[in-house]
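Trainee:
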Amino acid sequence: MMCEVMPTINEDTPMSQRGSQSSGSDSDSHFEQLMVNMLDERDRLLDTLRETQESLSLAQQRLQDVIYDRDSLQRQLNSALPQFVGFPVEVNIEDEFERGWISGMLG
């Protein structure tokens, strides 16, 4: 007759932990790896966030510079525009005068 020997059961541990004692170290190492992965991912995301914030800051500064340049050019254009509004008419009158004068001298 064969007799099977059952493993001893420690009476100090609760029932829910008895089956998981052998896999406890596996789950601990898995949990630690999960935490390390999460921390690495957090660091990577923080680096990306920092780079994106720097890029946004540079883009906003460039936008402010472009707006300033645009406004400056607009002011220059507005101050010079009245001079050029009448300019083509004056040129045409002068051209007609010169043509008439030159043709009068030649004819």
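Note that full-length UniProt numbering numbers the sequence shown so that position 65 is 65, with each residue one more than the last.
All residues carry an ideal CB built from backbone N, CA and C; glycine is no exception.
Could you give the distance in angstroms between the alpha-carbon of Arg44 and the alpha-carbon of Asn37?
Mentor: Taking the first residue of the sequence shown as position 1, residue 44 is located at position 44. Taking the first residue of the sequence shown as position 1, residue 37 is located at position 37. Using only the alpha carbons, I get a separation of about 10 Å.
Trainee: Cβ of Phe31 versus every heavy atom of the ligand NAP: is any distance shorter than 7 Å?
Mentor: For the ligand NAP, the structure offers nothing, since it holds no ligand at all.
Trainee: Going by beta carbon distance, what residues of the same chain come within less than 7 Å of Gln74, once the five residues before and after it are set aside?
Mentor: Your numbering for residue 74 matches position 74 in the sequence shown. So no residue of the chain qualifies.
Trainee: Alpha carbon to alpha carbon, how far is Tyr68 from Leu49?
Mentor: Along the sequence shown, read from residue 1 onward, the residue named residue 68 stands at position 68. Along the sequence shown, read from residue 1 onward, the residue named residue 49 stands at position 49. Whole-angstrom Cα-Cα distance: 28 Å.
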